[in-house]
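Below: the structure, in structure tokens.
Number of protein chains: 2
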Amino acid sequence: MNMTKKILRANDLRPTKQRVLIGDYLFDGIDKHVTAESLFKKLLNEKRGVSLATVYNTLHEFCKKELLNKITIDTDKVYFDTNISSHHHFFSDKEKLLLDIRSQDVIISSMPVAPKGKKIKKVELIIHLED
Amino acid sequence: MNMTKKILRANDLRPTKQRVLIGDYLFDGIDKHVTAESLFKKLLNEKRGVSLATVYNTLHEFCKKELLNKITIDTDKVYFDTNISSHHHFFSDKEKLLLDIRSQDVIISSMPVAPKGKKIKKVELIIHLED
DNA sequence: ATCTCAGTTTAGAATTATTCTAAAGTATTG
DNA sequence: CAATACTTTAGAATAATTCTAAACTGAGAT
């Protein structure tokens with residue numbers, strides 16, 4: 001069976017044509033950063049298109065299942081990272097380009113304790129770049 | 132002379148009524164996180180209102196002059212932090228609440244080198260919280 | 001003080017990423 | 001195959017932000 005279908009079934013998501021198409025692209029083993037728009041445009045070229053609403057739905061579902069990592073850097077666009085291992089990012093404000101930082105390249109040796117009644121869900125380090 | 136006016140002049144910004152009003156509120160010595168909307172609403176109560184466009188303009192100008200720190204966490208809102216010293220943030224996704232982390236509570240003991248031709252402009256650590 | 005003008009404010013329109021809606025389509029279960 | 005719950009979709013709706021162009025104002029020159 002197609003790998004994407006396995007992933008989808010394992011996460012209680014019906015392997016619809018659209019999800020498989022998106023999954024095949026996202027989970028091909030090559031780390032990617034996509035936006036809803038960039039993914040939508042990419043898929044327009046495919047034999048069968050996927051509507052923009054479905055791209056949004058699918059990205060959000062994949063995030064919920066932790067198959068993708070959502071990264072918000074600027075208001076105008078949300079990035080989805082196929083690399084779900086713990087790592088951080090460079091962001092070039094000029095080119096609006098997101099780059100992975102290898103996890104071994106950042107060491108946070110002291111972390112604050114979470115406020116009462118809360119726990120830490122995710123730690124996101126973004127290093128903004130300039131020329 | 133009013134403190135805000137001094138700050139404005141020192142940064143080549145004309146001390147207009149609107150900027151002084153906004154500056155008096157933001158730079159009163161108490162650290163704040165505001166959004167354009169929250170600031171706009173706050174100022175509606177004042178004797179003289181300020182238009183939403185001016186709130187946006189002013190926040191951006193203050194950021195450009197590094198009188199404020201812009202923090203983007205989710206697409207739906209941008210936060211402006213009056214604390215411009217180097218520090219990081221907790222963010223509670225549920226309450227959409229931003230909290231300062233004292234700078235001594237985070238130690239990043241190893242940082243990656245910037246990609247060729249780029250330098251590090253800003254390091255932003257956001258710790259997302261859940262219940 | 002008054003004049004002049006670049007800088008500033010403003011209301012409302014425009015933009016744009018994202019979400020919503022509700023109708024049509026489809027995978028799954030029995 | 002039928003029934004049903006889940007999905008997809010086009011297009012409308014939403015909402016934060018930016019833009020526009022006209023009116024206003026602070027600051028220096030006279």
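Each protein sequence line maps, in turn, to chains H and L. Read in the working numbering, the first sequence has 42 at position 42, and its numbers run on one by one without any break. One rule links them: number in the working numbering = place in the second sequence (from 1) + 131. Glycine included, C-beta positions come from ideal geometry on N, C-alpha and C.
Query: Tell me whether the segment 182 to 202 of chain L and the segment 137 to 155 of chain L touch, counting them as touching only if at least three CB pairs, one residue from each stretch, are closer than 8 angstroms.; Result: yes
Query: On a CA-only basis, which of H88(H), K122(H), P112(H) and Y25(H) is nearest M242(L)? Give me that one, please.; Result: H88(H)
Query: Considering S110(H), what are the terminal residues of the beta strand (DSSP E) in which it resides?; Result: I107 to S110
Query: Short check: CB of K121(H) to CB of D224(L), under 9 angstroms?; Result: yes
Query: Hey, is the segment 50 to 66 of chain H in contact with the segment 19 to 26 of chain H, meaning 3+ C-beta pairs nearer than 8 angstroms?; Result: yes
Query: Can you check DSSP and say which residues form a bridge with K122(H)?; Result: H259(L)
Query: In three-state terms, what does DSSP make of T203(L)?; Result: strand
Query: Put I30(H) into one of helix, strand or coil per three-state DSSP.; Result: coil
Query: Report yes or no: is there a C-beta of chain H within less than 9 angstroms of the C-beta of H259(L)?; Result: yes
Query: Using the C-alpha atoms, what's the distance from F27(H) back to P263(L)?; Result: Any question about residue 263(L) goes unanswered here, given that chain L covers just 132 to 262.
Query: Below 9 angstroms between beta carbons is the criterion; list the residues of the segment 244 to 256 of chain L that meet it against any residue of chain H, in chain order.; Result: V244, A245, P246, G248, K249, K250, I251, K252, K253, V254, E255 and L256
Query: Contact check, F90(H) vs I30(H) under 8 angstroms by CB: the rounded distance?; Result: Rounded, the Cβ-Cβ distance is 18 angstroms, inconsistent with contact.
Query: Counting C-beta neighbours from all protein chains within 10 Å, is the total for L174(L) 16 or more, i.e. buried, or is it exposed?; Result: buried
Query: Which residues, in order along the segment 28 to 47 of chain H, keep a beta-carbon less than 8 angstroms from a beta-carbon of chain L?; Result: none
Query: Would you mind giving the Cβ-Cβ distance between K172(L) and T213(L), rounded to the nearest angstrom? I have them listed as a contact below 8 angstroms.; Result: That pair is no contact at about 17 angstroms.
Query: Along chain L, which residues have their Cβ under 9 angstroms away from the Cβ of V78(H)?; Result: D205 and T206
Query: Among the candidates Y79(H), L52(H), D74(H) and G49(H), whose CA atom is the shortest distance from the CA of T35(H)?; Result: Y79(H)
Query: Under three-state DSSP, which class holds K116(H)?; Result: coil
Query: Evaluate G23(H) with the Cβ neighbour count: other Cβ atoms within 10 Å of its Cβ, from every protein chain shown; 16 or more gives buried, anything less gives exposed.; Result: buried
Query: Residue range of the alpha helix (DSSP H) that I7(H) falls in?; Result: M3 to A10
Query: Give the interface partners of M3(H) over in chain L, defined as CB-CB distance under 7 angstroms, in chain order.; Result: Ordered by position in chain L, no residue passes the 7 angstroms Cβ test against M3(H), which lies about 30 angstroms from the chain.
Query: From G49(H), Y25(H), Q104(H) and T75(H), pick the residue whose C-alpha is nearest to that of S85(H); which is it?; Result: Q104(H)
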